[in-house]
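Trainee: My questions all concern the structure below.
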Amino acid sequence: MSEEDDIFPTGLSVEQARARIVAAVQARNMPAEPVEVSMAVGRILAQDAHATRDIPGFANSAMDGFALRGMDLPTTGEKSFRLVGEVFAGGSIAMPVVADACVRITTGAPLPPGADTVVVKENTRIEGGRIAIAAGTKPGENVRPAGEDFRCGELALARGARLTPARLGVLASLGVARVAVARRPRVVLLTTGDELTAPGEPLGFGQIHDSNRFSLGALLESLGAQLFRHERVRDDPAALRDALQRAAADADLVVSSGGVSAGEADFLPRLVADIGKVHFWKVRIKPGMPFLFGQVGGALLFALPGNPVSGFATCVTLVKPALDAMRGVAEAPTQLHARLRSAIDKRHARVEFQRARLEGDAQGVLWALPHARQGSGMLRGVAEADALIALPEGAHEFAVGDIVQVLPLPGWPA
Ligand code: AMP
Ligand code: MG
């Protein structure tokens, strides 16, 4: 491919690569689909969710105790109140509270008419049919007013919000049973290489088990994709062409691993140029330099290098932004920085993503501990890491205490 620079760009920076990827997915927003709230964790909200009533819907008690009028409270010592009834959460409607009277109340029960304060059980004493209440409670205390969490009409969750467990709780408390979320981009994963064998199958000479199918497959799902299908493909141009075309017919995104470098059996770049379009090839990144972004039929193609760590790192840095943009993710990932616990001598000018553990100290400093195994074939380094640390382009030597950007890996903190 001697004329490759004329056909498509090569050697982009990570930022340029990401910008081109995000631009290419702009017109590929996933349609909304309804799902049960119980099934919606991790999904991206497709419509704003407003409170259609106050939450809570009525003033209620924050504690177990006695509801009364704040103006009747003693300022010193103790005062005796007449017990006129009781009200439990979800149950009875209580009688109004008048001067120097109180009602026994449990947490979450509606405040009886007239009452505006709850005295916790611990500050009371039962005295025959009456309740002795000690000074110390302020008027209005231990009451949750209507609408204190959400006011009727207020925006509770904006379109593009990631549905965390707590946000599912918010939707449910608003009375929402089904919610519109972005459809998950459908991914077909192709792992390529004559050396690959499925786990459980015996290994022939020179063969390895196909680990990318599992690490990348799970990573893609944890980044919001639906792993629609996986296929293992031989290093054979005809087989690859067939697999790519079938994948493109079924997928929003095709993600492949292997066969994208400049070796004798690396057929992908030529093939994609023939049957589709290469948007760019090779990024100034380590690991993962041979990364290719292109298109086959209507599907976008992310061709990741076969080295397990390279595939993982490029998926986190270059495929994730596409999955987020397609789903309309509105919240930018938290920018995290840490100090290096050990010095690094980076001998090249590319951006490097190193595997690291994260550790916070008692002074509030986050430390990144680079893993000893940084080889791009050593999956163990990723398995034992919490994050990728980004060593910027150009710079060569990093000292202990230098501040670096860190990208937490999915699942962190464990
Ligand atoms: P390639 O990018 O095809 O040149 O592969 C680079 C390295 O990654 C080689 O050592 C391959 O054996 C290895 N490799 C490729 N695909 C996989 C896979 N699916 N699982 C584990 N290792 C792989
Ligand atoms: Mg290969």
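Here the sequence shown is numbered in the numbering used here, starting from 47 and rising by one per residue.
Beta carbons are placed, not taken as given, at the ideal position from N, Cα and C, and that holds for glycine.
Model, not experiment: these values are computed from the prediction.
1) Quick one: give me the first and last residue of the alpha helix (DSSP H) that V428 is part of.
2) Quick one: is the Cβ of V83 within less than 8 angstroms of any heavy atom of the ligand AMP?
3) So, for G116: in the same chain, excluding its five sequence neighbours on each side, which residues have a beta-carbon less than 7 angstroms away from its beta-carbon?
4) Please classify S48 as buried or exposed, where buried requires at least 16 neighbouring CB atoms within 10 angstroms.
5) State the Cα-Cα distance for the pair D195 and R99, rounded to the nearest angstrom.
6) According to DSSP, is D67 helix, strand or coil?
7) Apply the 10 Å Cβ neighbour rule to M85 and answer buried if 16 or more other Cβ atoms are within range, or exposed otherwise.
8) Since W413 sits in a beta bridge, which residues does DSSP pair it with?
9) How is R99 classed by DSSP in three states: helix, strand or coil?
10) Buried or exposed: which applies to E398, given that a residue is buried once 16 or more other Cβ atoms fall within 10 Å of its Cβ?
11) Over what stretch of residues does the beta strand (DSSP E) that includes R232 continue unbroken?
12) Enumerated in chain order, which unbroken segments of the beta strand (DSSP E) with a length of 3 residues or greater are wholly contained in the region 194-232?
13) Along the chain, where does the beta strand (DSSP E) that runs through T170 open and close?
14) Got a sec? Which residues, its chain only, sit under 7 angstroms from I172 by beta carbon, not counting five neighbours each side?
15) Of all the options P351, I321, E310, A345, which has the alpha carbon lying nearest to the alpha carbon of W327?
16) Would you mind reading off the limits of the beta strand (DSSP E) that contains F16?
17) DSSP on G137, reduced to helix/strand/coil?
18) Using only alpha-carbon positions, find the residue among A311, V375, L369, V300 that is nearest to A345.
19) Tell me where the beta strand (DSSP E) around F274 begins and ends.
20) Does the distance between the C-beta of L242 and the nearest non-hydrogen atom of the ligand AMP fall short of 8 angstroms?
21) When a residue counts only if its C-beta is closer than 5 angstroms to some heavy atom of the ligand MG, which residues count, in chain order?
22) Relative to the C-alpha of V129, which candidate in P283, F112, V428, L265 has its C-alpha closest?
23) Measure the Cβ-Cβ separation of L266 and V233 and say whether it is below 9 angstroms.
24) Report, in whole angstroms, the separation of the C-beta atoms of G427 and Q420, which I expect to be a contact under 8 angstroms.
25) Whose CA, out of S59, A311, A155, P77, lies closest to the CA of R230?
26) Apply the 10 Å Cβ neighbour rule to D312 and answer buried if 16 or more other Cβ atoms are within range, or exposed otherwise.
27) Is the separation between the beta-carbon of K437 and that of V446 shorter than 9 angstroms?
28) Would you say the beta carbon of G309 comes nearer than 8 angstroms to a heavy atom of the ligand AMP?
29) Between F134 and R150, what straight-line distance do the alpha-carbon atoms span, to the nearest angstrom?
30) Give a single yes or no on whether T360 has its beta carbon closer than 8 angstroms to a heavy atom of the ligand AMP.
31) Could you check if S257 belongs to the surroundings of the ligand AMP, using beta carbon to heavy atom distance under 8 angstroms?
32) Which of the three DSSP states, helix, strand or coil, is assigned to S23?
33) Indicate whether F339 and I53 have their beta-carbon atoms separated by less than 9 angstroms.
34) Give every residue of the same chain whose Cβ lies closer than 6 angstroms to the Cβ of P80, excluding the five residues on either side of it in the sequence, and list them in chain order.
35) Return the CA-CA distance between D51 and L203, expressed in angstroms with no decimal places.
36) Curious, which full-length alpha helix (DSSP H) runs of at least 4 residues does the region 243-307 contain?
Mentor: Looking at the atomic coordinates:
1) For the purposes of this step, residue 428 is taken as residue 382 along the sequence shown, with counting starting at 1. Note, V428: alpha helix (DSSP H), 425-429.
2) Mapped onto the sequence shown, residue 83 falls at position 37. Result no, Cβ not under 8 angstroms from the ligand AMP.
3) Reading the sequence shown from its first residue, position 70 is the one you call residue 116. In its chain, beyond the 5 residues on either side, D162, T163, P185, G186 have a beta carbon closer than 7 angstroms to the beta carbon of G116.
4) Taking the sequence shown and counting its residues from 1, the one referred to as residue 48 is at position 2. Below a pLDDT of 50, predicted positions are generally treated as unreliable, and S48, at 46, falls in that range; the measurement from the model is reported next regardless. Flag for S48 reads exposed.
5) Position 149 of the sequence shown, counted from the first residue, corresponds to residue 195. Position 53 of the sequence shown, counted from the first residue, corresponds to residue 99. Whole-angstrom Cα-Cα distance: 11 angstroms.
6) Mapped onto the sequence shown, residue 67 falls at position 21. Asp is not the amino acid found at residue 67; the sequence shown has Ile there. Three-state DSSP puts I67 in a helix.
7) Working through the sequence shown from its first residue, we reach residue 85 at position 39. So M85 counts as exposed.
8) Residue mapping note: residue 413 aligns to position 367 of the sequence shown, counting from 1. Partner(s): R385, E405.
9) Residue mapping note: residue 99 aligns to position 53 of the sequence shown, counting from 1. Look at R99 here: in three-state DSSP terms it is coil, with no helix or strand label.
10) Against the sequence shown, residue 398 aligns to sequence position 352. By the neighbour-count rule (16 or more Cβ atoms within 10 Å), E398 is buried.
11) As a first step, residue 232 must be located in the sequence shown, where it is residue number 186. Element bounds for R232: 232-238.
12) Complete beta strand (DSSP E) runs here, min 3: 201-203, 224-228.
13) Position 124 of the sequence shown, counted from the start, is the residue given in the question as residue 170. Taken as a continuous stretch (DSSP letters only), the beta strand (DSSP E) holding T170 covers 170-173.
14) Here residue 172 refers to the residue found at position 126 when the sequence shown is read from its first residue. Nothing meets the Cβ criterion.
15) By one-based count along the sequence shown, residue 327 stands at place 281. Answer by Cα proximity: P351.
16) No answer is possible for residue 16: the residues shown for the chain start at 47 and end at 460.
17) Locating residue 137 in the sequence shown gives position 91, where the first residue counts as 1. G137: coil per DSSP, three-state reduction.
18) Within the sequence shown, the letter at position 299 stands for residue 345. Nearest of A311, V375, L369, V300 to A345, Cα basis: V300.
19) The sequence position of residue 274 within the sequence shown is 228, counting from 1. Unbroken beta strand (DSSP E) run through F274: 272-279.
20) Counting from 1 along the sequence shown, the entry for residue 242 is found at position 196. Yes, the Cβ of L242 comes within 8 angstroms of a heavy atom of the ligand AMP.
21) G239, G304, G305, G352
22) Translated into the one-based positions of the sequence shown, residue 129 becomes position 83. Checking the displayed sequence, the identity of residue 129 turns out to be Leu instead of Val. Nearest of P283, F112, V428, L265 to L129, Cα basis: F112.
23) If you number the sequence shown from 1, residue 266 lands on position 220. If you number the sequence shown from 1, residue 233 lands on position 187. It is a contact, given that the beta carbons lie within the stated cut-off.
24) On the sequence shown, position 381 is the one that residue 427 refers to. On the sequence shown, position 374 is the one that residue 420 refers to. So it is a contact: roughly 6 angstroms between Cβ atoms.
25) One-based indexing of the sequence shown puts residue 230 at position 184. Out of S59, A311, A155, P77, the CA that lies nearest to the CA of R230 is found in P77.
26) Taking the first residue of the sequence shown as position 1, residue 312 is located at position 266. Answer is buried; the Cβ neighbour count reaches 16.
27) Residue 437 sits at position 391 when you count from the first residue of the sequence shown. Residue 446 sits at position 400 when you count from the first residue of the sequence shown. Looking at the sequence provided, one finds Leu at residue 437 rather than Lys. No, the Cβ-Cβ distance between L437 and V446 is not below 9 angstroms.
28) Taking the first residue of the sequence shown as position 1, residue 309 is located at position 263. Relative to the non-hydrogen atoms of the ligand AMP, the Cβ of G309 comes within a distance shorter than 8 angstroms of at least one.
29) In the sequence shown, the residue the question calls residue 134 occupies position 88. In the sequence shown, the residue the question calls residue 150 occupies position 104. If I take the Cα positions, the gap works out to 8 angstroms.
30) Counting from one through the sequence shown, the residue named residue 360 turns up at place 314. Not so, every heavy atom of the ligand AMP lies at least 8 angstroms from the Cβ.
31) Mapped onto the sequence shown, residue 257 falls at position 211. Yes; taking the cut-off as 8 angstroms, the Cβ of S257 has a heavy atom of the ligand AMP nearer than that.
32) The requested residue 23 is not part of the displayed model; the chain covers only 47 to 460.
33) Stepping through the sequence shown from its first residue, residue 339 is reached at position 293. Stepping through the sequence shown from its first residue, residue 53 is reached at position 7. Result no, Cβ atoms of F339 and I53 do not sit closer than 9 angstroms.
34) Here residue 80 is taken as the residue at index 34 of the sequence shown, counted from 1. Around P80: R224, A226.
35) Along the sequence shown, read from residue 1 onward, the residue named residue 51 stands at position 5. Along the sequence shown, read from residue 1 onward, the residue named residue 203 stands at position 157. Caution is warranted here: a pLDDT of 46 is assigned to D51, below 50, making its placement in the model unreliable, and the coordinate value is therefore given only provisionally. Straight-line Cα distance between these residues: approximately 46 angstroms.
36) 258-268, 283-296
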